[in-house]
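Numbering (the working numbering), first residue to last: 250 to 459.
Built from N, CA and C at the ideal position, the CB exists for glycine as well.
Predicted model only: the values in this text are computed from it and were never measured.
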């Protein structure tokens, strides 16, 4: 299963860069196998659109992190410990979403797609030094509270999903929603934004989607 998911992450990395969700080596990707209790994560310094099978390193969740693993590995380890149902954690640097998070502006769910993928799942964290245990602990805390999408001010996004494909769709909707929010001239929440009607969200809740 791990190898299959790694190939999916390789394809996802290319799509993320081609969709302007991140650039160069901005981010890291991982997948978790609960049966083997094993994490597979991108190596430090890898570019997401240039990944191959050798761009990843695997280790047991409870073991020491091997040399060469991403500098953000602690964040991924903490994420899987908090939410072991996650199949993958995607860390990337979406510019529109980072811009709003850095100003502490909530991204609005304007369309039905935004509501479907994002409603009630996004949290904003203040700036914490990347690669630190402090950041890992803060992310774990938000995951435990039920958020799946963590916007890290002045840094990036950490997104957990039980499906690699779903993770990509969520990331795309996140950045589109951020762009639409900014285009409407949001000023610290003062601007009135026509959000998706609440009846749609209620229908999703009744159907068990969210």
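Query raised in the report: With 16 as the cutoff for other CB atoms within 10 Å, does residue 329 come out buried or exposed?
Result: When all chains shown are included, residue 329 counts as buried.
Query - Bridge partners - residue 340, DSSP secondary structure assignment - result: 277, 407
Query raised in the report: residue 290 lies in the beta strand (DSSP E); which residues open and close that run?
Result: 287-291
Query raised in the report: When the Cα of residue 410 is compared with those of 396, 377, 404, which residue comes out closest?
Result: For the set 396, 377, 404, the Cα lying nearest the Cα of residue 410 is the one of 396.
Query raised in the report: Does the separation of the CB atoms of residue 325 and residue 279 fall below 8 Å?
Result: Yes; because the gap between Cβ atoms is below 8 Å, this pair is in contact.
Query raised in the report: Rounded to a whole number of angstroms, what is the C-alpha to C-alpha distance between residue 437 and residue 356?
Result: Any reading at residue 437 needs caution, since the residue's pLDDT is 49, under 50, leaving its predicted position unreliable; the model's value is listed next. Using only the alpha carbons, I get a separation of about 11 Å.
Query raised in the report: For residue 305, which residues does DSSP report across the bridge?
Result: For residue 305, which the question treats as bridged, DSSP gives the partners 291.
**Report entry** residue 288 versus residue 303 - alpha carbon distance
**Finding:** 15 Å
Requested in this report: Kindly give me the distance between the Cβ atoms of residue 266 and residue 297, rounded to whole angstroms, as I take these residues to be in contact under 8 Å.
Outcome: 5 Å
Query raised in the report: How big is the Cα-Cα spacing for residue 316 and residue 412?
Result: Computed Cα separation, rounded: 27 Å.
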